Amino acid sequence: MKILLVDDEFELVSTLAERLSLRGIDADWATSGESALAKLQDTTYDLAVLDIKMPKISGLKLRKKIQKIQPEMRYIFMTGHGSAEDFYSASSEEGPDSYLVKPVNIDDLIAKITAILAP
Amino acid sequence: MFLLNVFKPAFLHSRETDSGPFTGLFNFKKLWRSRIIILLCVALGPLISLAIFTFVVTKHDAEREIHLRTIRLASNTKRTISFFFEERKAALDFILRSNSFEQINDHRQLANILQSLQETIGGFTDLGIIDATGKQIQYVGPYDLQDVNYSSEKWFEEVAVRNHYISDVYLGFREVPHIIIAVKHMFPNGFSYVLRATLETQRFNRILSNINLSGSEDAFLVNKEGIIQTPSRSHENIMAKITLPVPEYSEHTEVMEVTGSHLKKIVIGYAHIPDTSFIFMLTEKKEALMRPWRTTQSIIIFFIILSILSTLIVVYLVATHLVNQIFLADLERVQTLHEVEQSSKLASIGRLAAGVAHEINNPLAIINEKAGLVKDIFSFKEEYKHDAKILGLIESILASVDRCGKITKRLLGFARNLDATIQQVDISAVIEDVLGFLVKEAEYRSILINLDIEENLPQFETDRGKLQQILLNLVNNAFAAMQDNGRLDIRIRRVEHDFIAISVKDDGSGIPEADLKRIFEPFFSTKTKNGGTGLGLFITYGLIQELNGTLQVVSTFGKGSEFTITLPLTRISKQR
């Protein structure tokens, strides 16, 4: 299981990746859409955890771009803004279970990852 | 009752509000009053003007008719009386011209003449011949008047000048009213004598009594001094002075109005009888003469009053109905404006809350992850794994972050639900969200909130945002009515299988019975001085209706109130 975390908050995304790694989940991270796409060029991931609100490329836009490169990829969306628009956009793409509001509880995140990637 | 309700001014109890420009009601009482006044002026103005005009004109005409009738009657009577005297004077003149002095001075001849006069014209009592010295040289009649000298009498002087004389009525020795007519005859040689006749007044009186008089009319003769000469209905005795003013001399028949006893007006028609001192007077109370006009006027006034009353009723009903319609339309306008304003306020609050929550969420997430990592490191390393103090401190940080996270999530949830439409809701979660906002106030005021929710309540489809707002308004209202240390009971039950009943019961001040009927009216508030708009329950009620629910209130003044909302568990589509 290999996971890519994308959030413009370096402190958040790096720490979250480290915590997941401590729990045995191979987590990589990026702080922008561009760097995430660069990583995807030479690495294959099973799941991407994307922040919806990011400068330049939003999480939802990034999902569309990733789909072209790795169509099998699954997604979890994070947001610090619980607007109805975000909720509906994320839900309509991946279902209501793919949506997490920050601050994220690590156990909730792992539970979601496990549920989504379960065979 | 139905008509009363239809046309009852619904706006009379509406209160002016200072909710800002265009969001208050118009002043309908003023509008209603001005519409009624304008309509009344337009409808009644011409009617009343016409009535006054008709009254004045017909009164003037009636008075003129009375005067003309009086003049006509007085004039006719004057001619009859004049003819009476002319006839007798002419008879005496004829006697003088058709008899020589010797013949007429003969006692027997004069007696024959008297007899002839009594048998033809009638009414003659006696005849006398008076020479130029005033001595009655010949007399025939019942009295002993032979040789009586009249030279000093005033009438004798007058007859000498004017050649004839008709006296006033006088009683004489016998206390019997009579009149003297004297005619002078002058010969070319300057010799003259006077033929004098005494007339009874019965025939004369008969002329007046033959006039067709109505009930209160009176006709009589007076002399220039105002002494009554003939019997009168209104004066007991002849030869008495009349109480009415004596008319000034006029050649023609005239009419005048005087104020008699008891300030009642009297119409007097009068005519001076030529060659006599008599004045014929015809009197009648004006009130009696005007009676037919008054009767007609009474009927007209009755119909005018009837018209005015019916106009008043119609104007009132029409104005009230019209202004009622405008009032209802205006009420709807204001309600819509307030609802829009309220929604807009809530939306702004929602956006603000969401903004704040978002800004806090990111640093909070970092704290969460960093603390989480510290905890992970400590947990995974053997040397720290059993350091309960450090782990406890980290747990405390994480618990606080979690608490902050719940708050921001709740804020975000509220903001999100403001925009949301129909969705499946769990009533317990909604109540929890709502109370989350009020729990601090309850703590500060030591208000005990007792939550009693039936187990296994199903989720149901409704508008979560509206339901939150309804509950928030009701709990807020309850808090406002309660003293510190009060108790609030929230009870949720499934009723009649398809409904859910949510009751919010407080032990606050309660609502007086008189106010209970009006609490859902817009702008009805007992807290206006404390910033209450009187719209809270009105909007709540509207929202409940939008959710196809009902609201019941039970309240005892001084003991508390219980508001119970009943909502359908299955959504019924309803167009508002």
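Line by line, the protein sequences are chains P and Y.
Under my numbering, the letters of the first sequence match residues -19 to 99, in that order.
Under my numbering, the letters of the second sequence match residues 33 to 608, in that order.
We put the beta carbon where it would ideally sit given N, CA and C, even for glycine.
Predicted model only: the values in this text are computed from it and were never measured.
Inset, instruction - Determine the DSSP secondary structure at K591(Y), reduced to helix, strand or coil. - result: coil
Inset, instruction - Compare the Cα-Cα distances from F236(Y) to each of I136(Y), H210(Y) and N488(Y) and report the closest residue. - result: H210(Y)
Legend entry - Within chain P, the residues that L396(Y) reaches when beta carbons sit closer than 9 Å: G60, K82 and P83
Inset, instruction - Compare the C-beta of I160(P) with all C-beta atoms of chain Y and state if any pair is closer than 8 Å. - result: Summary: the structure shown does not reach residue 160(P), with chain P confined to residues -19 through 99, and so no result is reported for it.
Inset, instruction - Could you work out which residues of chain Y lie near T11(P), taking near to mean beta carbons separated by less than 7 Å? - result: In chain order: nothing, as chain Y lies at least about 13 Å away.
Inset, instruction - Hey, could you find the ends of the beta strand (DSSP E) Y182(Y) is sitting in? - result: That residue, Y182(Y), is in no beta strand (DSSP E); it is neither H nor E in DSSP.
Legend entry - Among T327(Y), T308(Y), L354(Y) and A420(Y), the one whose alpha carbon lies nearest that of F60(Y): L354(Y)
Legend entry - N505(Y) classed as buried or exposed, judged by whether at least 16 other C-beta atoms fall within 10 angstroms: buried
Legend entry - Buried or exposed (CB count within 10 angstroms, at least 16 for buried), H370(Y): buried
Legend entry - Exposure label - H284(Y); buried when at least 16 CB within 10 Å: exposed
Inset, instruction - Return helix, strand or coil for H139(Y), following the three-state DSSP convention. - result: helix
Legend entry - Cβ pair count under 8 Å reaching 3, the segment 406 to 424 of chain Y against the segment 9 to 26 of chain P: no
Legend entry - Extent of the continuous beta strand (DSSP E) run through T157(Y): F156 to D163
Legend entry - Exposed unless 16 or more other CB atoms sit within 10 angstroms - verdict on L473(Y): For clarity, residue 473(Y) is Glu in the given sequence; the question names Leu instead. E473(Y) comes out exposed.
Inset, instruction - State yes or no: is the C-beta of L405(Y) nearer than 7 Å to some heavy atom of the ligand MG? - result: Looking for the ligand MG in the displayed structure turns up nothing, as the structure carries no ligands at all.
Legend entry - A7(P) versus I392(Y): straight-line alpha-carbon distance, rounded: 26 Å
Legend entry - the segment 5 to 31 of chain P: positions lying closer than 9 Å to chain Y by Cβ: none
Inset, instruction - Output yes if chain P places a C-beta closer than 8 Å to the C-beta of G468(Y); else output no. - result: no
Legend entry - Residue(s) in a DSSP beta bridge with L30(P): V(-14)(P) and F57(P)
Inset, instruction - Report yes or no: do three or more beta-carbon pairs, one from the segment 210 to 224 of chain Y and one from the segment 118 to 125 of chain Y, lie closer than 8 Å? - result: yes
Legend entry - Cβ-Cβ distance between A351(Y) and R67(Y) below 8 Å: yes
Legend entry - Pairwise C-alpha distance: F156(Y) and T230(Y): 6 Å
Inset, instruction - Please check if any C-beta of chain Y sits within less than 8 Å of the C-beta of I86(P). - result: yes
Inset, instruction - Could you name each continuous alpha helix (DSSP H) segment of 4 residues or more that falls completely within the segment 278 to 304 of chain Y, going from the start of the chain to the end? - result: none
Inset, instruction - Measure the Cβ-Cβ separation of E52(P) and I398(Y) and say whether it is below 8 Å. - result: no
Inset, instruction - State the Cα-Cα distance for the pair I270(Y) and I298(Y), rounded to the nearest angstrom. - result: 21 Å
Legend entry - Reduced DSSP secondary structure (H/G/I, E/B, other) of P263(Y): coil
Inset, instruction - Using 10 angstroms around the beta-carbon of Y302(Y), count the other beta-carbons present and answer buried if the total reaches 16, otherwise exposed. - result: buried
Inset, instruction - Check the DSSP bridge columns for V527(Y) and list the partner residues they point to. - result: F531(Y)
Inset, instruction - Compare the C-beta of L405(Y) with all C-beta atoms of chain P and state if any pair is closer than 8 Å. - result: yes
Inset, instruction - Work out the CA separation of S78(P) and G404(Y) for me, nearest whole Å. - result: 22 Å
Inset, instruction - Count the other C-beta atoms from every protein chain shown that fall within 10 angstroms of the C-beta of F117(Y), then say buried if there are 16 or more, exposed otherwise. - result: buried
Legend entry - Length of the line joining the Cα atoms of R104(Y) and A94(Y): 15 Å
Legend entry - Cut-off 6 Å between Cβ atoms - residues of its own chain near I37(P), not counting five sequence neighbours on either side: G13
Inset, instruction - List the endpoints of the continuous beta strand (DSSP E) containing L314(Y). - result: I311 to K317
Legend entry - Length of the line joining the Cα atoms of N244(Y) and E280(Y): 26 Å
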